[in-house]
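Trainee: Note that the sequence shown ends on residue 180 in full-length UniProt numbering; no numbers are left out.
Cβ coordinates follow ideal geometry from the N, Cα and C atoms, glycine included.
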Amino acid sequence: MVYDIVPGHADRIERLTLLYTAELRTGPARGGALDIARLDDGAIAGVAAWEGPRRPRPGDRWQRLRVLPLHMRAIGVRHLGATLSRFAAARPTSPHWYLADIAVDDRARGLGVGSALLAHRLAAIDRQCLPAHLEATTPHSRRLYTRFGFQETARVDIPSSPAAMTRPAAAPPPQGAPAA
1 MVYDIVPGHA DRIERLTLLY TAELRTGPAR GGALDIARLD DGAIAGVAAW
51 EGPRRPRPGD RWQRLRVLPL HMRAIGVRHL GATLSRFAAA RPTSPHWYLA
101 DIAVDDRARG LGVGSALLAH RLAAIDRQCL PAHLEATTPH SRRLYTRFGF
151 QETARVDIPS SPAAMTRPAA APPPQGAPAA
């Protein structure tokens with residue numbers, strides 16, 4: 001999917017850096033979460049960047065405007081509006097957590113790092129009784145997310161056609177039950 005948003009050009013690494021910088025400034029840094037898994041030697045094994053469930057608040061519009069130049073340089077002026085609106089159209093309109101990105105280092109693939117990152121954050125989301133949303137970009141990731149309770153709700157209209165997937169909110173505990 002990232003290849004569709006930031007196609008392969010000579011400056012692709014620079015453009016991806018801009019894209020992820022914008023993503024981190026508007027997601028985890030603004031009421032979301034950045035979960036990091038480490039290997040035994042301390043090396044980073046994987047990272048999951050989540051946008052928290054926030055309602056518009058003072059400063060949100062300003063923050064989006066501040067990162068707009070990063071998005072424009074990363075994605076390109078011609079495709080920016082259409083790309084962002086296609087992703088937004090597939091997202092729930094009610095408050096929800098959004099998995100902006102998850103990545104596992106090649107050395108840690110197959111060790112359950114991605115599953116551990118998901119399980120950690122989804123447990124916290126369940127305590128809040130909120131839904132979660134993401135885009136699955138491969139058949140493998142769709143299967144993984146399905147195991148965690150996500151259901152496909154739409155396809156994002158870009159060439160790789162990622163599956164928009166939402167995990168329903170957990171039911172609140174019965175009244176009088178001890179908190180988890």
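(1) Can you name the residues that DSSP bridges to alanine 136?
(2) In chain order, what residues of the same chain have a beta carbon less than 6 Å from the beta carbon of serine 101, not counting five sequence neighbours either side?
(3) Kindly indicate which three-state DSSP category threonine 21 falls into: helix, strand or coil?
(4) Among Ala169, Pro174, Ser85, Leu134, which has the Cα closest to the Cα of alanine 163?
(5) Using C-beta distances below 6 Å, list every residue in its chain close to tyrosine 98, excluding the 5 sequence neighbours before and after it, in chain order.
(6) How long is the line joining the alpha carbons of residue 208 and aspartate 35, rounded to whole angstroms?
(7) Closer than 6 Å by C-beta to glycine 149: which residues in its own chain qualify, once you throw out the five before and the five after it? Chain order, please.
(8) Between the Cα of alanine 171 and the Cα atoms of Thr153, Asp157, Gln151, Ala123, which residue gives the shortest distance?
(9) Cα separation between isoleucine 44 and leucine 111?
(10) From the DSSP output, which residues share a beta bridge with glutamine 151?
(11) Quick one: using the 10 Å Cβ neighbour count with 16 as the cut-off for buried, is serine 94 buried or exposed?
(12) DSSP state of arginine 91, grouped into three classes?
(13) How far does the beta strand (DSSP E) with alanine 171 in it reach, from first residue to last?
(14) Pull the bridge partners of leucine 34 from the DSSP assignment, please.
Mentor: So, to answer that:
(1) Paired residue(s): Ala163.
(2) Correcting the residue identity first, residue 101 is aspartate in this sequence and not serine. Ala49, listed in sequence order.
(3) In this structure, DSSP gives threonine 21 a helical state, which the three-state scheme calls helix.
(4) Between alanine 163 and the set Ala169, Pro174, Ser85, Leu134, the nearest pair of CA atoms involves Leu134.
(5) For tyrosine 98, where only same-chain residues beyond five positions count, the Cβ hits under 6 Å are Glu51, His133.
(6) Lying before the first or after the last residue shown, residue 208 is absent from the chain, which here runs from 1 to 180.
(7) Here the set comprises Arg167.
(8) The residue with the shortest Cα to Cα distance from alanine 171 is Ala123.
(9) In this structure, the CA atom of isoleucine 44 is about 13 Å from the CA atom of leucine 111.
(10) For glutamine 151, which the question treats as bridged, DSSP gives the partners Thr166.
(11) With a threshold of 16 other beta carbon atoms within 10 Å, serine 94 falls short and is exposed.
(12) Judged by DSSP in its simplified three-state form, arginine 91 adopts coil rather than helix or strand.
(13) It is not in any beta strand (DSSP E) - alanine 171 carries neither H nor E in the DSSP assignment.
(14) Answer is Ala49, bridged to leucine 34.
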